[in-house]
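Numbering (the numbering used here), first residue to last: 23 to 425.
Note that the Cβ used here is the ideal one computed from N, Cα and C, for glycine as well.
Quick caveat, the model's predicted, so the values are computed rather than measured.
Everything on this sheet refers to the single structure shown next.
Structure follows, in structure tokens:
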């Protein structure tokens with residue numbers, strides 16, 4: 023006989039809604055703790071703010087919009103304009119005498135011009151000629167200047183006066199050439215003077231201004247490496263070397279190949295370097311007041327800073343008279359600006375390859391956005407988005423990582 027036992031029904035355990043809520047809260051708390059631990063920070067809200075930017079006693083360099091005229095190795099140079107004087111494009115600014123040039127070449131040419139004149143006058147006789155009298159009067163005046171320079175040390179450049187005399191003698195020769203019938207003897211004298219002139223031309227070079235500006239005959243060795251045309255080739259090493267070397271060197275006009283600089287008086291730059299992860303960098307388009315020690319106050323607009331090695335290269339552009347900075351390279355400056363924008367806690371800013379970023383929170387997700395830092399102080403920074411396509415506005419949520 024089979025005896026069957028009756029199974030007992032199990033009692034159903036009913037879960038209280040309060041217990042479910044407690045479990046959900048517990049899981050939420052655990053998730054929050056894990057989230058906070060993993061992200062190691064907290065969410066903040068951006069504000070509107072105003073602040074002053076200030077940078078003091080910074081070593082900087084002046085970069086000019088200038089063109090350097092270079093020639094072959096020089097013996098000496100005659101300058102047509104005074105230092106700092108304005109010139110126009112196409113002006114003869116200097117005459118360069120190549121290495122090997124001799125003063126006897128010019129004296130030989132002048133003698134041959136006089137021989138031509140004597141032969142011409144022999145043919146033309148003593149005819150009254152007002153134009154000729156005027157030329158002779160001018161020639162006598164230049165000869166007196168030569169005598170004053172040689173005998174009384176008048177201070178004029180002798181070679182320049184010789185060139186003026188040659189120009190007048192040549193003008194007189196050409197004037198009389200149209201009045202005197204040419205003979206075989208005159209033809210030979212003309213050819214001899216032309217040959218002497220060609221010889222001088224071979225040993226000299228006329229330097230004409232490529233463009234308008236102020237002319238300078240002084241150099242510090244950085245004119246061709248640091249100018250407006252080569253801003254894209256600037257580096258922190260070049261700037262720092264120029265600061266260091268310029269502090270111990272002087273400008274000189276004694277150069278073997280460089281003749282002169284023609285400088286745009288109304289366009290110039292200031293450049294300086296800062297550590298790669300500093301918050302006190304410049305921001306493109308911001309207007310800055312710059313005090314240059316010993317050279318007054320100036321107002322310029324920043325170009326976009328760029329990374330060079332482990333440093334940031336900062337540039338300020340000026341559209342105002344250069345003044346005495348035409349012969350200055352290294353300077354000490356104070357830079358200031360009043361800025362407004364979005365205010366965030368400065369310790370929320372992180373760097374990647376020396377570029378600053380802010381971690382924004384959008385739709386629960388974290389996004390690193392590159393920013394420009396306009397000013398920093400008292401634990402806060404005034405910022406803006408680096409790209410106009412990804413703006414940061416007042417009230418935007420960002421993540422402040424604990425460090």
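Rounded to whole angstroms, what is the Cα-Cα separation between residue i and residue j?
| i | j | result |
| --- | --- | --- |
| residue 257 | residue 295 | 9 Å |
| residue 59 | residue 259 | Low local confidence applies: a pLDDT of 48 at residue 59 is under 50, so the model's placement there is unreliable, with the coordinate-based value given in what follows. Taking the straight line joining both Cα atoms gives about 42 Å. |
| residue 179 | residue 165 | 13 Å |
| residue 232 | residue 282 | 11 Å |
| residue 215 | residue 103 | 29 Å |
| residue 249 | residue 84 | 9 Å |
| residue 336 | residue 110 | 32 Å |
| residue 142 | residue 342 | 57 Å |
| residue 21 | residue 101 | No information on residue 21 is available, as it lies outside the stretch 23 to 425 that the chain covers here. |
| residue 307 | residue 225 | 50 Å |
| residue 368 | residue 64 | 14 Å |
| residue 316 | residue 411 | 42 Å |
| residue 268 | residue 219 | 43 Å |
| residue 401 | residue 366 | 9 Å |
| residue 253 | residue 291 | 10 Å |
| residue 399 | residue 301 | 10 Å |
| residue 418 | residue 379 | 14 Å |
| residue 201 | residue 154 | 11 Å |
| residue 181 | residue 244 | 30 Å |
| residue 172 | residue 323 | 53 Å |
| residue 14 | residue 129 | Because the chain in this structure spans residues 23 to 425, residue 14 falls outside the shown range and cannot be described. |
| residue 210 | residue 184 | 24 Å |
| residue 208 | residue 217 | 14 Å |
| residue 423 | residue 297 | 22 Å |
| residue 223 | residue 137 | 20 Å |
| residue 344 | residue 357 | 18 Å |
| residue 177 | residue 251 | 38 Å |
| residue 346 | residue 206 | 59 Å |
Is the separation between the beta-carbon of residue i and that of residue j shorter than 8 Å?
| i | j | result |
| --- | --- | --- |
| residue 187 | residue 132 | yes |
| residue 230 | residue 353 | no |
| residue 313 | residue 325 | no |
| residue 275 | residue 239 | yes |
| residue 364 | residue 106 | no |
| residue 393 | residue 407 | yes |
| residue 82 | residue 359 | no |
| residue 119 | residue 149 | no |
| residue 74 | residue 403 | no |
| residue 97 | residue 123 | yes |
| residue 334 | residue 389 | no |
| residue 383 | residue 395 | no |
| residue 68 | residue 416 | yes |
| residue 348 | residue 236 | yes |
Measuring alpha carbon to alpha carbon, tell me which of the options ends up nearest residue i.
| i | options | result |
| --- | --- | --- |
| residue 355 | 311, 364 and 397 | 311 |
| residue 91 | 387, 246, 362 and 351 | 246 |
| residue 409 | 419, 418, 376 and 391 | 391 |
| residue 304 | 361, 143 and 174 | 361 |
| residue 212 | 255, 135, 155 and 290 | 135 |
| residue 189 | 158, 307, 368 and 357 | 158 |
| residue 145 | 184, 316, 129 and 204 | 204 |
| residue 273 | 223, 351 and 411 | 351 |
| residue 113 | 344, 154, 284 and 251 | 284 |
| residue 420 | 395, 387 and 401 | 387 |
| residue 86 | 255, 235 and 289 | 289 |
| residue 227 | 382, 176, 117 and 399 | 117 |
| residue 332 | 357, 373, 344 and 323 | 373 |
| residue 156 | 417, 197 and 129 | 197 |
| residue 426 | 287, 251 and 175 | Since the first and last residues shown for the chain are 23 and 425, residue 426 lies out of range. |
| residue 160 | 172, 192 and 209 | 192 |
| residue 263 | 251, 242 and 125 | 242 |
| residue 265 | 66, 382, 80 and 309 | 80 |
| residue 299 | 318, 327 and 206 | 327 |
Using the rule of at least 16 other Cβ atoms within 10 Å of the residue's Cβ for burial, across every protein chain shown, is residue i buried or exposed?
| i | result |
| --- | --- |
| residue 77 | buried |
| residue 88 | buried |
| residue 194 | buried |
| residue 45 | exposed |
| residue 94 | exposed |
| residue 413 | exposed |
| residue 121 | exposed |
| residue 152 | exposed |
| residue 329 | exposed |
| residue 47 | exposed |
| residue 321 | exposed |
| residue 49 | exposed |
| residue 163 | exposed |
| residue 381 | buried |
Can you find a C-beta in chain C that's less than 8 Å from the C-beta of residue i?
| i | result |
| --- | --- |
| residue 236 | Going by chain labels, chain C is absent from the structure shown, which holds only one protein chain. |
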